[in-house]
Amino acid sequence: MFNNKNILITGGTGSFGKKYTKILLENYTPNKIIIYSRDELKQYEMAQEFSSSSMRYFIGDVRDENRLNTAMNGVDFVIHAAAMKHVPIAEYNPMECIKTNIHGAQNVINASLKNRVEKVIALSTDKACNPVNLYGATKLASDKLFIAANNIAGTSPTRFSVVRYGNVVGSRGSVVPLFKKLIENGAKELPITDERMTRFWITLEDGVKFVLKNFARMQGGELFIPKIPSMKIIDLAATLAPNLPIKIIGIRPGEKLHEIMISADDTMHSLEFDDHYVIGPSIKFYDKEANFAINRLGEKGRAVSSNFEYRSDNNTQWLDKAWLETMMKRI
């Protein structure tokens, strides 16, 4: 569905944008891939790696609606990956986080509607579910904006959906490269915030492929969540450095003990598919009817149980040492 299409990726110089670009170029023949981001050095470096004639590099900030309008001219699909996502930094710079993650989200919506983009998928985070930090709260607000945008689209053909998933193995800010760097530098111990802590994990490639497939699945208004495994952080440390002791340093500001991707309050709107979940909109789209139990690929979902929660500590899938070692080789 991406052949001869124009695709724009906000925050496209990040790890997600680069992997998404790589997979698009390897598997499709897009007309244009537009990388929209504000860091000229990262764009220069990415252009050395991706020099296909279909590549376009736009300097711009999601806070700038006019620039987004220009960049989205003729665009068919948008992936909104730009965000301020460092939890402690967001806590200390709240308005900067709000300007990028909330105001920027609305700017992407406005520009998409104005340019009659066909489909938009916004990337979310497990931290947006029952948020305890500002980053999670702004991403929850962003999710709500994108879902509600389907209700204000009017005659525009544009449809909006959201993808939410957990920590990406090996991405910037992930604990895996932090632990690896400490080990390589000869650390005598590894810092663990809490020995009970668990997290959802997904590889970057799997995250990109999940987003790609959801462009085909989406009707507009869905929040897609992949079924992914969990791992205890203490087990992660033991796998990476079995001979190093750990040091408990306490939970950081705005950090959770366990992550949640579907809360008990979302249960009434949630559907389970074979390899993912969908949270349907909590508002009725008055100008359209959608049966989210059957997606555009014909896949069928079923309602989850009334006491269902999708948490990293009650997950049915758990990582083992062999899986982690395989993933480390892949990244």
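In terms of numbering that gives the first Met the number 0, the sequence shown opens at residue 0 and continues consecutively. By construction, the Cβ of each residue, glycine as well, lies at the ideal position given by its N, Cα and C atoms. Predicted model only: the values in this text are computed from it and were never measured.
Tell me the rounded alpha-carbon separation between residue i and residue j.
i              : j                 : result
glycine 279    : alanine 127       : 16 Å
leucine 122    : glycine 16        : 11 Å
leucine 189    : threonine 197     : 16 Å
tyrosine 27    : arginine 251      : 42 Å
arginine 158   : glycine 220       : 8 Å
leucine 203    : serine 14         : 8 Å
serine 160     : lysine 246        : 41 Å
glutamate 271  : glycine 300       : 5 Å
arginine 295   : alanine 263       : 27 Å
isoleucine 191 : leucine 133       : 22 Å
glycine 11     : phenylalanine 145 : 19 Å
alanine 302    : isoleucine 293    : 12 Å
valine 175     : valine 168        : 7 Å
alanine 240    : histidine 85      : 25 Å
With DSSP collapsed to three states, give me the class of residue i.
i              : result
methionine 0   : coil
tyrosine 91    : helix
proline 176    : helix
leucine 139    : helix
lysine 67      : For the record, residue 67 in the displayed sequence is leucine; it is not lysine. It is helical.
glutamate 271  : strand
threonine 197  : strand
lysine 118     : strand
leucine 222    : strand
alanine 259    : Inspection of the sequence shows that residue 259 is occupied by isoleucine rather than by alanine. Residue state, collapsed to three classes: strand.
isoleucine 278 : strand
alanine 302    : strand
In the DSSP assignment, find the alpha helix (DSSP H) that holds residue i and state where it starts and stops.
i              : result
leucine 40     : 39-48
tyrosine 19    : 14-26
isoleucine 108 : 103-113
Mark residue i as exposed unless 16 or more other C-beta atoms lie within 10 angstroms of its C-beta, in which case mark it buried.
i             : result
alanine 215   : exposed
glutamate 258 : buried
threonine 315 : exposed
tyrosine 164  : buried
arginine 195  : exposed
glycine 206   : buried
leucine 7     : buried
proline 29    : buried
proline 244   : exposed
glutamate 44  : exposed
alanine 321   : exposed
threonine 273 : Inspection of the sequence shows that residue 273 is occupied by aspartate rather than by threonine. Looking at its Cβ environment, which holds fewer than 16 other Cβ atoms inside 10 Å, aspartate 273 is exposed.
Which residue marks the beginning of the beta strand (DSSP E) containing residue i, and which one marks its end?
i                : result
phenylalanine 57 : 54-58
valine 77        : 76-79
lysine 31        : 31-36
asparagine 5     : 5-9
Mind reading off the beta-carbon distance from residue i to residue j? Whole number of angstroms is fine, and I expect it under 8 Å.
i                 : j              : result
phenylalanine 199 : methionine 267 : So it is not a contact: roughly 22 Å between Cβ atoms.
asparagine 5      : aspartate 75   : 5 Å
isoleucine 34     : serine 53      : Between serine 53 and isoleucine 34 the Cβ distance is about 11 Å, and since that is not below 8 Å, they are no contact.
isoleucine 227    : isoleucine 201 : 5 Å
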